[in-house]
Amino acid sequence: MKNVDNHKRKNSHRRKPGKTPGLPPGSLVHHGRRRTDNVHIRLVDYSATHIDEIHVNDLEKLADYSAKDSVSWIRIEGLHDVTVMERIGQIFDLHPLVVEDILHPSQRIKVEEYDRFLYFVVQLLPVKHPPSNGNEWDVEQLSIVLGDGFVLTFHENTSEFFEPIFERLRTMKGRLRKRDSGYLCYTLLDMVVDRYWFLVSALGEKIDMVEDGIFRDDDAVTLNEIHGIKKRVIQCRRLVREMNRLCETIMREEFQFFDRSFNVYFRDLYDHSLRALDNVEHHRESLTNLLEIQMTLTGNRMNEIMKTLTIFSTIFIPLTFIAGIYGMNFNTNRSRWNMPELNWPFGYLFSLGLMIIFASGMILYFKNKKWL
Amino acid sequence: MKNVDNHKRKNSHRRKPGKTPGLPPGSLVHHGRRRTDNVHIRLVDYSATHIDEIHVNDLEKLADYSAKDSVSWIRIEGLHDVTVMERIGQIFDLHPLVVEDILHPSQRIKVEEYDRFLYFVVQLLPVKHPPSNGNEWDVEQLSIVLGDGFVLTFHENTSEFFEPIFERLRTMKGRLRKRDSGYLCYTLLDMVVDRYWFLVSALGEKIDMVEDGIFRDDDAVTLNEIHGIKKRVIQCRRLVREMNRLCETIMREEFQFFDRSFNVYFRDLYDHSLRALDNVEHHRESLTNLLEIQMTLTGNRMNEIMKTLTIFSTIFIPLTFIAGIYGMNFNTNRSRWNMPELNWPFGYLFSLGLMIIFASGMILYFKNKKWL
Amino acid sequence: MKNVDNHKRKNSHRRKPGKTPGLPPGSLVHHGRRRTDNVHIRLVDYSATHIDEIHVNDLEKLADYSAKDSVSWIRIEGLHDVTVMERIGQIFDLHPLVVEDILHPSQRIKVEEYDRFLYFVVQLLPVKHPPSNGNEWDVEQLSIVLGDGFVLTFHENTSEFFEPIFERLRTMKGRLRKRDSGYLCYTLLDMVVDRYWFLVSALGEKIDMVEDGIFRDDDAVTLNEIHGIKKRVIQCRRLVREMNRLCETIMREEFQFFDRSFNVYFRDLYDHSLRALDNVEHHRESLTNLLEIQMTLTGNRMNEIMKTLTIFSTIFIPLTFIAGIYGMNFNTNRSRWNMPELNWPFGYLFSLGLMIIFASGMILYFKNKKWL
Amino acid sequence: MKNVDNHKRKNSHRRKPGKTPGLPPGSLVHHGRRRTDNVHIRLVDYSATHIDEIHVNDLEKLADYSAKDSVSWIRIEGLHDVTVMERIGQIFDLHPLVVEDILHPSQRIKVEEYDRFLYFVVQLLPVKHPPSNGNEWDVEQLSIVLGDGFVLTFHENTSEFFEPIFERLRTMKGRLRKRDSGYLCYTLLDMVVDRYWFLVSALGEKIDMVEDGIFRDDDAVTLNEIHGIKKRVIQCRRLVREMNRLCETIMREEFQFFDRSFNVYFRDLYDHSLRALDNVEHHRESLTNLLEIQMTLTGNRMNEIMKTLTIFSTIFIPLTFIAGIYGMNFNTNRSRWNMPELNWPFGYLFSLGLMIIFASGMILYFKNKKWL
Amino acid sequence: MKNVDNHKRKNSHRRKPGKTPGLPPGSLVHHGRRRTDNVHIRLVDYSATHIDEIHVNDLEKLADYSAKDSVSWIRIEGLHDVTVMERIGQIFDLHPLVVEDILHPSQRIKVEEYDRFLYFVVQLLPVKHPPSNGNEWDVEQLSIVLGDGFVLTFHENTSEFFEPIFERLRTMKGRLRKRDSGYLCYTLLDMVVDRYWFLVSALGEKIDMVEDGIFRDDDAVTLNEIHGIKKRVIQCRRLVREMNRLCETIMREEFQFFDRSFNVYFRDLYDHSLRALDNVEHHRESLTNLLEIQMTLTGNRMNEIMKTLTIFSTIFIPLTFIAGIYGMNFNTNRSRWNMPELNWPFGYLFSLGLMIIFASGMILYFKNKKWL
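Residue numbers (this note's numbering), protein chains in the order written: chain A, 11 to 382; chain B, 11 to 382; chain C, 11 to 382; chain D, 11 to 382; chain E, 11 to 382.
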């Protein structure tokens, strides 16, 4: 029960390998952060005609439910108790490598077929509280085991993610109650894709704001901020792409618990994830463009400032030179060739006029050249 | 009947998912903007020998027409009335997910095969009024359901898009009247590709103008404008690419309502869309090149200005220094070594000559070095 | 007979779609520029033993020739007379979409198989007069219809392209006279690839000259010029790539008029076009590199100039400051602390010496730092 | 026994070819650096019930062990004695090209199937002492020959790499003792992937530190350092990618010593390597981003400094000009138009006031323009 | 016998097409530079028991040898005598297009299967004298015809390339003498790959030197030099890639003269070429990185210089201003407000002190801001 993930909470993309180096494969060690104090196991057993909700305290009762004809949804919250996990694995005859994967957060999104069940790993993004600072989102791993007549879900937090589904089950409305465990599993995957959609859209709005800010020359748009958005877009892209590949796999391979009637549903799901992927790729391209545009605009503004300042200085240079000329101390008494202007009655005005002519000439020249 | 699309009218590429998160799949909720007040349903029933145009008020009559031997084109304008949509779905036996897709704007361009019909989604671009500002085009979704002897088209606006086809149907000229519903569907797709062509060409002309402007150093070409064109090119590219893939799918898969005689037509259509794709890719590459060239040219011009100004300043620096020398107040009476020039009869002219020599020397030097 | 291509003569890559929007597919309208006043039709009928050259005035005679045992090469120059095209289409039983394609310039390079003939579209580049300004080459479309015992070629200009082939036919030398219509068609395609080769080589030499110019710091190499060459390289690349794909298609698919003995010839042709493609890709990469190198070299030179000028100015700044010091008017009579240097016998020389020491010190410092 | 690798110890990625040019293929020459003085051969012979560890001095005894029913792990340390290698090759009937490959360090990671054995080449990275300077890691090649009932491992150094496996074998815990030679081989590969994981994570932490440093404007982050990390990331990427491909090959092809029960293990291994690859790709992208950001930030800071300095200078320029004006020596006695200010009672204060007004005005202007 | 290649000796990558435009395919014209005055034909006839070396003067004798049971290696040096080539083509029944290809240098690396022989084209790089200037290497084409019991090699120069093979044949050592013509051909290909390896390694060392030079700020590393290395790396990459593809083709397709026992050899060869390709790709990436790093470092150094100079100037500006103030000529007699400092006993020291305070303040400020 080590807590090796702690020092890299910052960038959750850096996923840990499945086990500590040196341990044999299949060793059951919990690698996630311990988030809840107790393991909560809830069971929803339903068919078209009945629905039971039970808070399970005795693991052994699970075996009974899994054998029943109705659909049993067993929801395990908190993964830190290895003994419990091991026992569940035995009851449902899960492969040791599956239990090992459940215990380790940050697997790839994937589906694996075993003899008696399908094993899904998906990653949830926090739809409620998107972080405002420039880091990646904390992802939460959701493991789903789909068997004949039962669905197991494993996750760490007491998440509100499942509420809408509970609601739909309770109200007896819709197809959910009338169909088998495969349909429940599809519904869960569908909600995950919807979540991605929500965040992809939120990122899109953020990018629009940034774009407006850049063209309005808003100081609030910092490089740091764009970098942060980019990080989240890249995180999102990876998850959406993996989810898309998951949908494709389900469509292509004929898995046991999804009969032909599921084709149209998973085609729909695949389509949604593909569109999300399209958008997130578009976001990424937009961000790259925006970064370039911002750099160009910043550079142009800086150049404009420097040019103006330099022109300003340049205009004064010959004026100062003229003033320097008439500040020379040549002896006007020695000869009439020595700075006769100093003794002219209007010498001062002559020099000022000279300066004005020079300055105007230069300004006209620069205007003509469109430098000003 | 929510209006969730409103806050992102600006960038229509950000397509919404098929449903509100939490709703079960297949829920019929209208997600587009409500554009017309009433749902208009028009029916054109034709064969080689007759043609009828009817404005349908009673949905139930549609069932009769769809069963007839002639080709029935039923055109539904305005998608906001969910009840109507649901009833049409029942009459023509459409899958709930199809009706859901029809109600949601901004799907991918796609074709889906169902048992008794083909379902197409395409996106129309506004050929009449290309926007002059730098945003994307508003797309309008057109859903086509091709069944045995009938074609359903669903769209939001009372669009003039279909007029030329109506015209061709009425005049009894051409193959259209003599052939089946599949040919009508092909004609619709053909018009969509023609529209893309038109816009791709319009973008090309715009890019030519921008290129001319850049090399003529036209101030009217702003970064903002090029960015706007690029956005539209990218939007266009996505649509054309999806349309191209649609054509390829039809060519490759042997769909039920397109017999072998359609091969040559869809090969032609595929060819057209492929050429449009070629051009739009070329536009994109051109724009990237133009942006780089503009940046380089802007940079070069700025450098040229700064160089000229700096050289100008540099020439004056030693002159001012000489004037500074002869502005020093050393006591010429104390010794003959203290600034004897001040008492020379031609000291002033000597100093001016010194300055002229310095300035000319520097100018020659810079000319020699090709800095000037 | 519209002239819609006129306004985009500049960039010929922007190919028009196959028809005016709104027209039904297969409508016969001539879209190219009318280049010759009369349609010239020449017929070369040959076998191993005889060769006839006829200038055809009466279209109906063509039918007789096409039925003969010998090879008939019918060469149609000028495509603007739609009636003639239509009649030829009827005589040789061409599909309406083929005639439509022949009438529209700027199709993709392609081959299409029909029941009784093969239809090729290729694009000719003007080998004689490569344009010196920075635009793309004008391409001319050549349509070839290869049937059993006859070859039709359609093009707009009275081109000298075919002369070498006529020559070889007349001289009775080589395989050409002894073989069938497929070999004539192969010979035509072979000449098109040779033309591409010629232009790819010409571009390569141009690029070498530009490279030399850049490293010799030649002012004649402008950004505009490189941009122009790049445009032509990109145009060339597209055509060569399409031609390469055409050869590949012929190799892969077993077309009717090319028996097994053609395999080795088309493998050779494919090889040539692949090498041309290699080279043109290499040209493109070289140009991109050269642009970067030119930008870097230009930047470095500019930096060098600015550095030199700034160092020059910097050396004078403390000198001018010293002159400024001794130009101050403190009253030397008031106290012996007020600018005693002014009254020193060698004050002036002292100040000049100070300046020389400062200047030398700075120059040494900059030399030491390798800034100078 | 040449030492040709010496001059390129620096960048170990530059792998040597399999032989000296001119030598026939299959020549046995040792190309690695000689690292140990003696060849150590250790043998571990085990089954579920027994385990023997022997230090082998007489090569001929190996033949006996390889024939036994138990699993024999023969570990050869030090590859410089070609005679020994040759003899081992004969005993285990290895192909000459395999022995040649074993003797040459820096092969690709690969698996090759021979009639009676599988031959693996993998590359070990030094997990204990990651280098702090900017060079690549020294890799050590590990060759594994998996036969029926025996595993041969060849490597140069007395490496502590195998210790954990020895430990697991000795303690009789876990599956390792109960299973065949294939499982031992899998365990070795599993440890290699774990090592890569460790280093990929270490690189990730390093990159996080660099990122923090860049945004905190830390001078400790030098271009040289980032370049060094990038080199190691690229090295890591190549190895991980090859390892991933190795796992994929084993999964796809049905190799002789891995029966169906191995599928789930190699799928797991493939998954781990794929995640490592994901991360290392992500690292690479991050580094590229960071380099760009650092360049931009450095440029922005430099621009900010130059702007501030230029504005400072610009403010003083008109002030110095005014001082220059009143330093002119026009004869105030000659006319009342000649610099009357000099004789005003408050002329000095007037001039100072003028300067203050100018300076304030410019500062306000710059503040208003947000340049300051 | 034209010499069309002369004007592009510089960049040998620009390969000529197979024939002069307008010539019929299969025309035998020699397109390479004539390098030797006489065609040398040497024959090595060997089996496990005998070896004969003959200098062939009479072409007709070749027919006898090719029919014998032993392996005949016929080595033709100098390709300019078309009559000889034609006769050899007839004796060994080569296809005219093969003879045409042999006569033209700079074909792609390829293998072509004909009914009675395999035709290889490979490109040799000059391993002995790698050019020091920045151009590409001169390649020499080697054509190999592998038939039943004979191998023909065609090349232009009296090359020392074959010496090691002759040596191995003579010494009767190794497999070469005991095996058939296919093994001889494999040995030749193996030597070509070894040559590529040698040059890839040489390029790697060159790049290491450049990298060291860049980080040591060595003036010897010019942009021109890096550009030259890049050109050679790109040339190398193209050849290695084509060679790799050649090996792959041989592995995949079951060519007639390579029985199953060759599989392991060609797998080895493929592996070597793949590693060479890896390295050359790595070199290319390194060069791109180095160019960027060099540009950044150059830019940073220039910025550092400009900053230092600007700060230096900036410090003097207020000092010169103060000197300017006290150089004003206000009449101190008119009022006590007019420049009283001029009459202070310590006015001069006061002004100097003011300057020192200003200068120190600014230096401290800049140090504080880390600008200095």
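Note that CB positions come from ideal geometry on N, CA and C, so glycine has one too.
Self-check item: Cβ-based burial, Q117 of chain A [other Cβ within 10 Å; buried from 16]
Solution: Working through the first sequence from its first residue, we reach residue 117 of chain A at position 107. The residue in question, Q117 of chain A, is buried, as its Cβ has 16 or more Cβ neighbours within 10 Å.
Quiz item: So R247 of chain A packs on V220 of chain A, CB below 8 Å; how close in whole Å?
Solution: Sequence index remark: in the first sequence, residue 247 of chain A carries index 237 (1-based). Sequence index remark: in the first sequence, residue 220 of chain A carries index 210 (1-based). Actually they are not in contact, since the Cβ atoms of R247 of chain A and V220 of chain A sit about 17 Å apart, beyond 8 Å.
Quiz item: Quick one: what does DSSP say I217 of chain B is sitting in, helix, strand or coil?
Solution: Taking the second sequence and counting its residues from 1, one reaches residue 217 of chain B at position 207. I217 of chain B falls in the helix class under three-state DSSP.
Quiz item: How close, in whole Å, do the beta carbons of S211 of chain B and F267 of chain B come, if the pair is a contact with beta carbons under 8 Å?
Solution: The residue labelled residue 211 of chain B in the question sits at position 201 within the second sequence. The residue labelled residue 267 of chain B in the question sits at position 257 within the second sequence. Not confirmed; about 32 Å, so no contact.
Quiz prompt | Beta-carbon spacing of G334 of chain C, T330 of chain E below 9 Å | solution = Indexing the third sequence from 1 puts residue 334 of chain C at position 324. Indexing the fifth sequence from 1 puts residue 330 of chain E at position 320. Yes. Within cutoff.
Quiz item: Are the C-beta of G371 of chain C and some C-beta of chain E separated by less than 9 Å?
Solution: If you number the third sequence from 1, residue 371 of chain C lands on position 361. No, G371 of chain C does not count as interfacial toward chain E.
Exercise. For E150 of chain E, write down the residues that DSSP places opposite it in a beta bridge.
Key: Counted from its first residue, the fifth sequence places residue 150 of chain E at position 140. The partner list for E150 of chain E (beta bridge, DSSP) reads E:L134.
Quiz item: From what residue to what residue does the beta strand (DSSP E) around S5 of chain A run?
Solution: Nothing in the structure corresponds to residue 5 of chain A, since chain A is present only between 11 and 382.
Practice problem: Using a Cβ cut-off of 7 Å, pull out every chain A residue sitting near G192 of chain D, in sequence order please. | Solution: Mapped onto the fourth sequence, residue 192 of chain D falls at position 182. The contacting residues do not exist; G192 of chain D stays about 14 Å from chain A at best.
Quiz prompt | Stretch pair the stretch 363-375 of chain C + the stretch 350-363 of chain E: three plus CB contacts closer than 8 Å | solution = no
Self-check item: T163 of chain D - containing beta strand (DSSP E), residue span
Solution: Numbered from its first residue, the fourth sequence carries residue 163 of chain D at position 153. Start and end: 160-165.
Quiz item: Along chain C, in chain order, which residues have C-beta atoms closer than 9 Å to that of H105 of chain E?
Solution: Residue numbering aside, residue 105 of chain E sits at position 95 when the fifth sequence is read from its first letter. By Cβ distance, chain C contributes V274.
Self-check item: Backbone CA spacing between K216 of chain C and A77 of chain C [nearest angstrom]
Solution: Taking the first residue of the third sequence as position 1, residue 216 of chain C is located at position 206. Taking the first residue of the third sequence as position 1, residue 77 of chain C is located at position 67. Each residue's alpha carbon lies about 49 Å from the other.
Quiz item: Does the distance from the C-beta atom of H165 of chain C to that of E146 of chain C stay below 9 Å?
Solution: Taking the third sequence and counting its residues from 1, one reaches residue 165 of chain C at position 155. Taking the third sequence and counting its residues from 1, one reaches residue 146 of chain C at position 136. No, they are not a contact pair.
Quiz item: For the ligand GDP, any of its heavy atoms closer than 8 Å to the Cβ of L69 of chain A?
Solution: The ligand content of the structure shown is nil, which means the ligand GDP is not present either.
Quiz item: Taking any Cβ of chain D, which residues in the stretch 144-158 of chain E have a Cβ under 8 Å from it, in chain order?
Solution: none
Quiz prompt | Beta-carbon contacts of L162 of chain C that lie in its chain and below 6 Å, excluding the five residues immediately before and after | solution = Indexing the third sequence from 1 puts residue 162 of chain C at position 152. Closer than 6 Å at the Cβ level, and outside the excluded window around L162 of chain C, lie I84, V155.
Self-check item: Interface partners of N234 of chain B on chain A, CB under 8 Å
Solution: In the second sequence, counting from the first residue as 1, residue 234 of chain B sits at position 224. Per Cβ cutoff of 8 Å: F225.
Self-check item: Stretch pair the stretch 98-116 of chain A + the stretch 64-75 of chain A: three plus CB contacts closer than 8 Å
Solution: yes
Quiz prompt | Per-residue contacts from F331 of chain E into chain D (C-beta, under 7 Å) | solution = Counted from its first residue, the fifth sequence places residue 331 of chain E at position 321. Neighbours of F331 of chain E on chain D, chain order: F326, L329, T330, A333.
Practice problem: Please work out which residues of its chain come closer than 8 Å, Cβ to Cβ, to T342 of chain D, disregarding the five sequence neighbours upstream and downstream, and give them in chain order. | Solution: Taking the fourth sequence and counting its residues from 1, the one referred to as residue 342 of chain D is at position 332. Around T342 of chain D: N348, M349, P350, L352, N353.
Quiz item: What residues match up with F127 of chain A in a beta bridge as DSSP calls it?
Solution: If you number the first sequence from 1, residue 127 of chain A lands on position 117. Answer by DSSP bridge pairing, in chain order: A:G157.
Quiz item: Does M349 of chain A have its Cβ less than 9 Å from a Cβ in chain B?
Solution: Here residue 349 of chain A is taken as the residue at index 339 of the first sequence, counted from 1. Output row for M349 of chain A: interface = yes.
Quiz item: Is there a Cβ from chain D that is less than 9 Å from the Cβ of F340 of chain E?
Solution: Walking along the fifth sequence from the start, residue 340 of chain E turns up at place 330. Yes, its Cβ sits closer than 9 Å to a Cβ of chain D.
Quiz item: How many Å lie between K20 of chain D and G214 of chain E at the Cα?
Solution: Locating residue 20 of chain D in the fourth sequence gives position 10, where the first residue counts as 1. Locating residue 214 of chain E in the fifth sequence gives position 204, where the first residue counts as 1. Here the model assigns K20 of chain D a pLDDT of 42, short of 50, so the residue's position is not dependable, and the following value carries that caveat. Cα to Cα, the separation comes out at about 11 Å.
Quiz prompt | Cα-Cα separation between N378 of chain E and K317 of chain D, rounded to whole angstroms | solution = Here residue 378 of chain E refers to the residue found at position 368 when the fifth sequence is read from its first residue. Here residue 317 of chain D refers to the residue found at position 307 when the fourth sequence is read from its first residue. Those two C-alpha atoms are separated by around 18 Å.
Self-check item: Within chain D, the residues that N353 of chain A reaches when beta carbons sit closer than 7 Å
Solution: As a working mapping, residue 353 of chain A is identified with position 343 in the first sequence. Going along chain D in sequence order, the residues near N353 of chain A (Cβ under 7 Å) are N341, R344.
Quiz item: With DSSP run on the structure shown, which of helix, strand or coil describes H293 of chain E?
Solution: Within the fifth sequence, the letter at position 283 stands for residue 293 of chain E. Note: H293 of chain E maps to helix in three-state DSSP.
Quiz item: Interface residues of chain B around N8 of chain A at Cβ under 9 Å?
Solution: Outside the displayed span of chain A (11 to 382) sits residue 8 of chain A, for which this structure offers no information.
Quiz item: Would you report the Cα separation of D15 of chain B and T93 of chain B, rounded to the nearest angstrom?
Solution: Within the second sequence, residue 15 of chain B is the residue found at index 5, counting from 1. Within the second sequence, residue 93 of chain B is the residue found at index 83, counting from 1. In this prediction, D15 of chain B scores a pLDDT of 36, lower than 50, which makes its location untrustworthy; no coordinate-derived value is stated.
Practice problem: Within the same chain, show all residues whose beta-carbon is closer than 7 Å to that of S370 of chain B, passing over the 5 residues directly before and after it, in chain order. | Solution: Position 360 of the second sequence, counted from the start, is the residue given in the question as residue 370 of chain B. Excluding positions up to five away in sequence, the list is empty.
Exercise. Taking 8 Å as the threshold, find out whether the stretch 318-325 of chain A comes into contact with the stretch 277-285 of chain A through three or more Cβ pairs.
Key: no
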